[in-house]
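Chains E and Y supply the protein sequences, listed in that same order. Using numbering that gives the first Met the number 0, count along the first sequence one by one with no gaps and you end on 260. Using numbering that gives the first Met the number 0, count along the second sequence one by one with no gaps and you end on 221. I have placed the structure first, in the form of structure tokens, so that the comments after it can refer back to it.
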Amino acid sequence: MTQNAPEAGSTTHPIRPDLDRPPHARLDHTQPHNAQLNQVSKLFGSFAALRQVSLTLEPSRCYVVLGENGAGKSTLLRILAGLLRPTHGTVSVFGESQPHEARARIGYMSHAPMLYDELTAEENLRYFSSLYPGRPCLTPAEALRQVGLDPKLDRLFGQYSQGMRQRTSLARVLLSVPEILLLDEPFSNMDVESARQMVALLAGFRQSDRTIVLTTHQRELAAPIADFVITLHAGRIASITPGFAAANPDRHVAHTGSTAQ
Amino acid sequence: MTRALFTHLAKDLRIEWRTLDAMISMIFFSGLVVVLFSIAFDPRGAFSQQIAGGVLCVATMFASVSALNQAWAREIRHQVMDAQRMVPSAGAELYLAKTIANFLFVSIVQLVLAPFFFVFYNLHIVGNAWQLALVLPLGTWALVVNGVFFAALSIGSRNREFLLSLILFPIFIPALLAMVTSVGSILTGDGDPTLWIKMLLGYDIIFTTASLLLFDVVFHAE
């Protein structure tokens, strides 16, 4: 991956339209987009978590973000969610220059479940759905059914298994019917079958004009829904490849337009 | 405003009802302070009447801090606060609900503590007893409204429990002074606590308004 990293300061990725790619795999900045990052850098003290990242996220696309620990995946998602502000560069989400102004339209799932252990899953979801005034939300039961959980399960969230916690966490994200889903390692702690079910669920969301950005270390699980695979290395975008070509290193350079070797 | 406020409040009350975490620690701690002070000072005679107000306020204050330190603990534990920051409702509602919940917890502890307090210090109220029903809630609100705010402010700090006491106590001193003097006046019948009660009311209005206005900044800080 490192040898494909572009030169310092050249991490903008206007993917050149490539006619031998299917239309859905093109990343064209002139298309309508849900979110855009322009030369975004994020510093924590002297540590640069993200460096000059530029990215355009289109509707009905799923972007899978790969990278080793500390590559900047979570920081990228938190900036898109409006939970972090970039140190340099600009972020625009649904045309808003402050992503947190569009937060009702964004669903963010972190490593942590972001739910209360002392409440049941249904109580947790009812609590969060009440905090979206004027926005049509799924009912807690609908959201739980979508992720394959029994809404009648009368057990405290703290007593759930890790896989169930992940599903409930996803149900919280789906509750507000967000237009952008930001999922930070959604398959962690899940068995393969549950993860595949989640992928199938996300595939349905991708087809309804929503943008999905998910980070994972399990690229093979996310491969079926990935329109683009973004690889981060040391805070920079090392490559963006169309999803179907993610496992094919020979096509990698041609599709990113990167000349770095 | 009100719907989200009640949603947050109902959630906090439900969790406390199930766990009783804050209540148990506060009752235990404040009970300990009252008993230890009653042993340290001779509870017979006029002196106990004079110091009783101070002991009650200090017991409440220390007990409250033990609960206020944990006011945001559940939100921090599983990054629930990030999910709350993502919702479109104002952070001030979350803050106000948390303040009301903690105010109710401390008030319940005061009610539980009161009979023991009167027994241990052999107290009888000489002044207007109804004024206690003004002073104690106003003083408790002054403590809690600042405590919840500064607990949120110190979330990002490694030494947040120490930091909370360090910031909260100096700011609470004017309210503590008003509370102790008022309770002393009511118990002994010496002097009129009206001015101190008005001061407590003014303090509460100022700090509640300032905290509500500033909370969104603290809440959305990185």
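Even for Gly, the Cβ is constructed at its ideal location relative to N, Cα and C. Treat the numbers as computed from the prediction; the structure is a model and nothing was measured.
Going by other Cβ atoms of all chains shown within 10 Å of its Cβ, with 16 needed for buried, is residue i buried or exposed?
{"i": "Ser175 of chain E", "result": "buried"}
{"i": "His123 of chain Y", "result": "exposed"}
{"i": "Ile172 of chain Y", "result": "exposed"}
{"i": "Trp16 of chain Y", "result": "exposed"}
{"i": "Arg77 of chain E", "result": "buried"}
{"i": "Gly146 of chain Y", "result": "buried"}
{"i": "Val34 of chain Y", "result": "exposed"}
{"i": "Gly94 of chain E", "result": "exposed"}
{"i": "Ala237 of chain E", "result": "buried"}
{"i": "Ser73 of chain E", "result": "buried"}
{"i": "Leu26 of chain E", "result": "In this prediction, Leu26 of chain E has a pLDDT of 43, which is less than 50 and means its spatial position is unreliable; what the coordinates show is noted afterwards. Leu26 of chain E should be labelled buried."}
{"i": "Ala4 of chain E", "result": "Here Ala4 of chain E scores only 38 on pLDDT, less than 50, and its place in the model should not be relied on; the value that follows carries that caveat. The residue in question, Ala4 of chain E, is buried, as its Cβ has 16 or more Cβ neighbours within 10 Å."}
{"i": "Glu121 of chain E", "result": "buried"}
{"i": "Asp11 of chain Y", "result": "buried"}
{"i": "Ile14 of chain Y", "result": "buried"}
{"i": "His219 of chain Y", "result": "exposed"}
{"i": "Gly155 of chain Y", "result": "exposed"}
{"i": "Asn158 of chain Y", "result": "exposed"}
{"i": "Gly126 of chain Y", "result": "buried"}
Which residues in the same chain as residue i place their Cβ atom closer than 7 Å to its Cβ, once the five residues preceding and following it in sequence are excluded?
{"i": "Ala91 of chain Y", "result": "Leu211, Phe214, Asp215"}
{"i": "Gly162 of chain E", "result": "Asn188, Met189, Asp190, Ser193"}
{"i": "Gly190 of chain Y", "result": "Ser184"}
{"i": "Ile170 of chain Y", "result": "Asn145"}
Verify the CB distance criterion: does residue i have a CB-CB separation below 8 Å to chain Y?
{"i": "Leu174 of chain E", "result": "no"}
{"i": "Glu184 of chain E", "result": "no"}
{"i": "Ala80 of chain E", "result": "yes"}
{"i": "Tyr115 of chain E", "result": "yes"}
{"i": "Phe93 of chain E", "result": "no"}
{"i": "Tyr126 of chain E", "result": "yes"}
{"i": "Ser73 of chain E", "result": "no"}
{"i": "His99 of chain E", "result": "yes"}
{"i": "Ile179 of chain E", "result": "no"}
{"i": "Ser129 of chain E", "result": "yes"}
{"i": "Arg105 of chain E", "result": "For clarity, residue 105 of chain E is Ile in the given sequence; the question names Arg instead. Ile105 of chain E counts as touching chain Y."}
{"i": "Arg209 of chain E", "result": "no"}
Which class does residue i belong to by DSSP, given the choice of helix, strand or coil?
{"i": "Leu211 of chain Y", "result": "helix"}
{"i": "Met113 of chain E", "result": "coil"}
{"i": "Gly90 of chain Y", "result": "helix"}
{"i": "Thr215 of chain E", "result": "coil"}
{"i": "His219 of chain Y", "result": "coil"}
{"i": "Ser238 of chain E", "result": "strand"}
{"i": "Ile107 of chain Y", "result": "helix"}
{"i": "Gly94 of chain E", "result": "coil"}
{"i": "Val52 of chain E", "result": "strand"}
{"i": "Thr250 of chain Y", "result": "Here chain Y covers residues 0 to 221 and nothing more, so residue 250 of chain Y does not appear."}
{"i": "Leu42 of chain E", "result": "strand"}
{"i": "His99 of chain E", "result": "helix"}
{"i": "Arg269 of chain E", "result": "Within the shown structure, residues of chain E are numbered from 0 to 260, placing residue 269 of chain E beyond reach of any answer."}
{"i": "Cys56 of chain Y", "result": "helix"}
{"i": "Met189 of chain E", "result": "coil"}
{"i": "His23 of chain E", "result": "No answer about His23 of chain E holds up, because its pLDDT of 36 lies below 50 and its placement is not dependable."}
{"i": "Gln280 of chain E", "result": "This structure leaves residue 280 of chain E out entirely; chain E is present only between 0 and 260."}
{"i": "Ala51 of chain Y", "result": "helix"}
{"i": "Leu137 of chain E", "result": "coil"}
{"i": "Ile179 of chain E", "result": "strand"}
{"i": "Val228 of chain E", "result": "strand"}
{"i": "Arg60 of chain E", "result": "strand"}
{"i": "His28 of chain E", "result": "Bear in mind that the predicted position of His28 of chain E carries a pLDDT of just 47, short of 50, making it too unreliable to give a figure here."}
Given residue i, which residues of its chain have a CB within under 8 Å of its CB, disregarding the five upstream and five downstream residues?
{"i": "Ile196 of chain Y", "result": "Gln130, Leu133, Val134, Leu137, Ala177, Ser181"}
{"i": "Asp208 of chain E", "result": "Pro58, Ser59, Glu178"}
{"i": "His110 of chain E", "result": "Ser73, Asp183, Glu184, Ser187"}
By Cβ distance below 6 Å, which residues in the same chain neighbour residue i in space, the five residues on each side in sequence not counted?
{"i": "Leu112 of chain Y", "result": "Ser29"}
{"i": "Arg218 of chain E", "result": "Leu65"}
{"i": "Asp116 of chain E", "result": "Phe156, Gly157"}
{"i": "Ala51 of chain Y", "result": "Tyr120, Leu122, Leu186"}
Taking 8 Å as the threshold (beta carbon to beta carbon), is residue i in contact with chain E?
{"i": "Val147 of chain Y", "result": "no"}
{"i": "Phe218 of chain Y", "result": "no"}
{"i": "Glu160 of chain Y", "result": "no"}
Considering only the beta carbon of each residue, do residue i and residue j sit closer than 8 Å?
{"i": "Met108 of chain E", "j": "Leu56 of chain E", "result": "no"}
{"i": "Arg164 of chain E", "j": "Pro112 of chain E", "result": "yes"}
{"i": "Cys61 of chain E", "j": "Ala225 of chain E", "result": "yes"}
{"i": "Ser24 of chain Y", "j": "Val143 of chain Y", "result": "no"}
{"i": "Ala96 of chain Y", "j": "Leu167 of chain Y", "result": "no"}
{"i": "Leu130 of chain E", "j": "Asn123 of chain E", "result": "no"}
{"i": "Ala202 of chain E", "j": "Ala170 of chain E", "result": "no"}
{"i": "Leu175 of chain Y", "j": "Met85 of chain Y", "result": "no"}
{"i": "Val212 of chain E", "j": "Leu79 of chain E", "result": "yes"}
{"i": "Arg125 of chain E", "j": "Ala103 of chain E", "result": "no"}
Taking 7 Å as the cut-off, does the CB of residue i come closer than this to any heavy atom belonging to the ligand ADP?
{"i": "Gly234 of chain E", "result": "Inclusion of the ligand ADP in the displayed structure is not the case, the ligand content being empty and no account of it being possible."}
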